[in-house]
Ligand SMILES: [Ca+2]
């Protein structure tokens, strides 16, 4: 959940309403124990209550799964980050210290974004968070997006990411925003969070290397709330183990689904699913997810998601810097 126009009250509301269902699954699956917040009835004005997800990965393969060109999808755009420099025809670098709307502690600078070798021969997008004073902030980091340059309606959108160790205070994210955000301010523009890590619950549970979040936000404020739906998952294995993990959004005209490591587990069940067929009015989810969205990567420092607002709390950067590596982002469509 991230946006430059973010509302703190809505954030706290969304994440206080957390249901928990811890489960065990078959050993040959990319098991996930899931907790989730749910908003299945936007008519009630936001987050009406909790819903437990059993977290089973034993069924509900929709036929859209599998990484890359599977299920009838063909590649329509990618950035492999192998050229040694950032492609300015695709990416906008964000430079600001506005806290991302979430009381984040970093100043975003272009210097913290690079395209180069990850140290193992893989060309990557590298976002680096540093303990560095700039513009009144105690940390700097990187954020970039494809707004107005590369934007898509539907498809299989995936990135292979080597996450930094977030403990404590880092908040890496791969997400999307409606390309109409300049004319339809957030949350009307819509937001699709494919993966975020470093959440306060994962910190308090001691599971932040496995605890991740997928979510969507849309609509507008009514009675101080807006509709959204988020799912928190505790993966069965670490996603901050110094290895790459693939995060995939499968977005059709009827459903938004999200998967982890489909390249390794092509038949995995989604960690996130949401029906987007309700187009009845401008409070319905379907009103917001049938239009182009652009891609965002960032590595935030502190703020409302980790619930760390003090410099001393950012122990992840106590000794300098940490980086998030993106091997590629690829977009497939049918
Ligand atoms: Ca690459």
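Residue numbers (this note's numbering): 8 to 341.
Beta carbons: idealized from backbone N, C-alpha and C, even for Gly.
Spatially closest choice to residue i from the options, by CA coordinates
i           : options               : result
residue 199 : 73, 243 and 300       : 300
residue 358 : 196, 219, 213 and 316 : The requested residue 358 is not part of the displayed model; the chain covers only 8 to 341.
residue 304 : 208, 286, 178 and 257 : 178
residue 121 : 111, 99, 110 and 112  : 99
residue 315 : 269, 110, 293 and 92  : 110
residue 214 : 260, 245 and 78       : 245
residue 118 : 106, 83, 139 and 269  : 139
residue 207 : 190, 77, 173 and 296  : 173
residue 81  : 91, 224, 257 and 112  : 257
Beta-carbon proximity list for residue i, same chain, < 7 angstroms, skipping 5 on both sides
i           : result
residue 12  : The pLDDT assigned to residue 12 is 37, lower than 50, so where the model puts this residue is not dependable, and the model offers no usable value.
residue 320 : 175, 176 and 309
residue 97  : 86, 153, 156 and 157
residue 143 : 104
Contacting residues, own chain, Cβ-Cβ under 8 angstroms from residue i (five flanking each side not counted)
i           : result
residue 141 : 104, 114, 116 and 147
residue 330 : 133, 134, 135, 136, 171 and 306
C-beta atoms of residue i and residue j nearer than 9 angstroms
i           : j           : result
residue 164 : residue 188 : no
residue 253 : residue 166 : yes
residue 275 : residue 72  : yes
residue 137 : residue 328 : yes
residue 226 : residue 289 : yes
residue 351 : residue 340 : Residue 351 lies beyond the range of the chain shown here (8 to 341); nothing can be said about it.
residue 259 : residue 74  : no
residue 247 : residue 204 : yes
residue 160 : residue 298 : yes
Residue span of the beta strand (DSSP E) that contains residue i, given as start and end
i           : result
residue 136 : 130-141
residue 153 : Looking at the DSSP string, residue 153 is not in any beta strand (DSSP E), and its letter there is neither H nor E.
residue 307 : 300-308
residue 241 : 235-242
residue 220 : 218-224
residue 330 : 328-340
residue 321 : Where residue 321 is concerned, there is no enclosing beta strand (DSSP E), given that its DSSP letter is neither H nor E.
residue 81  : 81-86
Delimiting residues of the alpha helix (DSSP H) encompassing residue i
i           : result
residue 284 : Here residue 284 belongs to no alpha helix (DSSP H), and DSSP marks it neither H nor E.
Nonlocal neighbours in the same chain, by C-beta distance under 6 angstroms from residue i, ignoring five residues either side
i           : result
residue 280 : 264
residue 195 : 227
residue 318 : 145
(request) Check whether the segment 323-336 touches the segment 128-136, taking contact to mean three or more Cβ pairs, one atom from each stretch, closer than 8 angstroms. (result) yes
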